[in-house]
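Letter 137 of the sequence shown, counting from 1, is numbered 157 in my numbering, and no numbers are missing. The C-beta atom is built at its ideal place from N, Cα and C for all residues, glycine as well. Here the structure is laid out as structure tokens; the discussion comes afterwards.
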Amino acid sequence: MEWGTLGVAAAGAFFGIGATLITDVFRSRRERDQRWTDAKRVAYGRFLTALAQAHSRMTVAAARGEAGPARQQAIHDAFLSDPQHSDAKSVLREVALAAPDHVHRAAESVYEELRAARDILAQDGMDFATPEYQRVIRSFFMNFDGLQRLMRDDLHRAERRV
Numbered sequence: 021m022e023w024g025t026l027g028v029a030a031a032g033a034f035f036g037i038g039a040t041l042i043t044d045v046f047r048s049r050r051e052r053d054q055r056w057t058d059a060k061r062v063a064y065g066r067f068l069t070a071l072a073q074a075h076s077r078m079t080v081a082a083a084r085g086e087a088g089p090a091r092q093q094a095i096h097d098a099f100l101s102d103p104q105h106s107d108a109k110s111v112l113r114e115v116a117l118a119a120p121d122h123v124h125r126a127a128e129s130v131y132e133e134l135r136a137a138r139d140i141l142a143q144d145g146m147d148f149a150t151p152e153y154q155r156v157i158r159s160f161f162m163n164f165d166g167l168q169r170l171m172r173d174d175l176h177r178a179e180r181r182v
């Protein structure tokens, strides 16, 4: 066998191994990024769902017409007691781990607005028509929609990178 043939075979093998390694690195990175995007999508969806369901449970509790400490307890329980064990505060912690800072800050703000709505509804004499509740809940829903857009944009940016 000649040295030239042996050199060409070695160069071909080196090129083949290098190309395979590079391809594997890119594939691994793409799969990791896709798993991360999927995890964010799940956390975002769970958080938005938890907020919406907490609001619904609170309004049902407030509509029962209880008064005093019983009303306050019922509304606070409705806010915290998610039958799927995914109350908004717990899922907010998932968002804190997965989301960029600007999305997490917006999520925290929306969560705090829902807590403010809870506190207003829990007061005696408050109902859905009171100006205080209307102001807070309008802001909540407006920022809820904004948060949903931020989350969607974050996921779209992540998918373009993948």
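What first and last residue would you give for the alpha helix (DSSP H) that runs through residue i?
| i | result |
| --- | --- |
| F99 | G88 to L100 |
| D139 | D121 to L141 |
In angstroms with no decimal places, state the Cα-to-Cα distance between residue i and residue j.
| i | j | result |
| --- | --- | --- |
| Q92 | A82 | 9 Å |
| R144 | L170 | Per the sequence shown, the amino acid found at residue 144 is Asp instead of Arg. Distance between the alpha carbons of D144 and L170 is about 36 Å. |
| R52 | A74 | 33 Å |
| F161 | P89 | 27 Å |
My guess is that residue i and residue j are in contact by the Cβ rule of under 8 Å, so how many angstroms apart are they, rounded?
| i | j | result |
| --- | --- | --- |
| V115 | F148 | So it is not a contact: roughly 28 Å between Cβ atoms. |
| V123 | D174 | 5 Å |
| L112 | Y131 | 5 Å |
| E128 | S159 | Contact flag wrong, Cβ pair sits at about 14 Å. |
| R77 | A98 | 4 Å |
| A72 | R84 | Contact flag wrong, Cβ pair sits at about 20 Å. |
Under 7 Å from any heavy atom of the ligand SAH, does the C-beta of residue i make it?
| i | result |
| --- | --- |
| G88 | Ligands are entirely absent from the displayed structure, and the ligand SAH is therefore not among its contents. |
Give me, in chain order, the residues of the same chain whose beta-carbon lies closer than 7 Å to that of residue i; leave out the 5 immediate sequence neighbours on both sides.
| i | result |
| --- | --- |
| S106 | R66 and A70 |
| I157 | A137 |
Is it buried or exposed, residue i, if we count other Cβ atoms within 10 angstroms and call 16 or more buried?
| i | result |
| --- | --- |
| A87 | exposed |
| V80 | exposed |
Within its chain, find whatever has a CB closer than 6 Å to the CB of residue i; leave out the 5 residues flanking it on each side and keep chain order.
| i | result |
| --- | --- |
| A118 | A59, K60 and A63 |
Going along the chain, which residues of its own chain have a beta-carbon closer than 8 Å to the beta-carbon of residue i, five neighbours each way excluded?
| i | result |
| --- | --- |
| Y153 | A137, I140, L141, M146 and D147 |
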